[in-house]
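Asks: Numbering (my numbering), first residue to last: 25 to 222.
Glycine is no exception: its CB is placed at the ideal position from the N, C-alpha and C atoms.
The model shown is predicted, which means the values in this text are computed figures rather than measured ones.
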């Protein structure tokens, strides 16, 4: 009887030690799994934000208080890039690159309205090198671009703003210079060049 009791006791102790070891292993495994989920989720968000191919829907430039809807524009009958149909929205050139894709995505906005009221890009000339521009797309992804430089162009500047294909660029355009009443247009264009952040 004593031998059987000792054997049952040893079996119970062994079983108890096994269950304690199994419980500790399970706790450690679950702890590792729980802590690794946020890291994996964050890396997936990073990948999505760099590879998203959604259509652009909103332009945000905190430094100059721009938070504008994006219209999709093409070309006019005489071959010029169309502009937004109001002074509060901006226009993405839909025949070119999407923001975030390789190439030069181009977005235009008005400097002012017919009665001199401030347009969405009234303060575009105040943007400084290193400041951020954000594009929100139709998938909810926010992509960041950093301003590299601003330049003023005479008519005929098209190649400089549409032709770079070495990385993902974003170029913002608005009017500048002197108003020409006969041509119903300003004499120059201000272009802000920005690159996607890595």
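1) For residue 147, tell me which candidate among 221, 216 and 220 has the shortest Cα-Cα distance.
2) Mind the definition here: the stretch 159-175 touches the stretch 97-105 only if three or more C-beta pairs lie below 8 Å; say whether that holds.
3) For residue 53, which three-state DSSP category applies?
4) For residue 212, collect the residues of the same chain with a Cβ closer than 7 Å to its Cβ; drop the 5 residues on either side in sequence, then sort them by chain order.
5) Which residue spans inside the stretch 110-170 form an unbroken beta strand (DSSP E) run of at least 3?
6) Could you tell me whether the stretch 116-128 touches the stretch 137-151, using the rule of 3 or more Cβ pairs below 8 Å?
7) Could you tell me which of 114, 153, 164 and 186 sits nearest to residue 174, measuring between CA atoms?
8) Give the straight-line distance between the Cα atoms of residue 169 and residue 219, rounded to the nearest whole angstrom.
9) Using 8 Å for Cβ pairs, my map puts residue 83 next to residue 131. What's the rounded Cβ distance?
10) From this set, 114, 192, 185 and 190, which residue's C-alpha is nearest residue 96's C-alpha?
11) Along the chain, where does the beta strand (DSSP E) that runs through residue 88 open and close?
12) Note down, in chain order, each residue of its chain lying with its Cβ closer than 8 Å to the Cβ of residue 89, except the 5 sequence neighbours on either side.
13) Could you check the C-alpha separation between residue 92 and residue 112 for me, to the nearest Å?
14) Identify the continuous beta strand (DSSP E) that holds residue 214 and give its terminal residues.
15) Quick one: measure Cβ to Cβ for residue 137 and residue 108, integer angstroms, because I've assumed they're closer than 8 Å.
16) Can you give the Cα-Cα distance for residue 155 and residue 195, rounded to whole angstroms?
17) Drop a sphere of 10 angstroms on the beta-carbon of residue 222, count the other beta-carbons inside from all chains shown, and report buried for 16 or more, exposed for fewer.
18) Does the beta-carbon of residue 203 have 16 or more other beta-carbons within 10 angstroms, so that it is buried, or is it exposed?
19) What are the start and end residues of the beta strand (DSSP E) that includes residue 224?
Replies: Working from what's here:
1) 216
2) no
3) In this predicted model, residue 53 has a pLDDT of only 43, less than 50, meaning its place in the structure is not dependable; the value taken from the coordinates is given anyway. Note: residue 53 maps to helix in three-state DSSP.
4) 176, 177, 178, 200 and 201
5) 114-117, 127-133 and 156-161
6) no
7) 153
8) 5 Å
9) 6 Å
10) 114
11) Unbroken run through residue 88: none, as it is neither H nor E.
12) 147
13) 7 Å
14) 209-220
15) With 8 Å as the limit, residue 137 and residue 108 do not qualify as a contact, their Cβ atoms being about 11 Å apart.
16) 14 Å
17) exposed
18) exposed
19) Outside the displayed span of the chain (25 to 222) sits residue 224, for which this structure offers no information.
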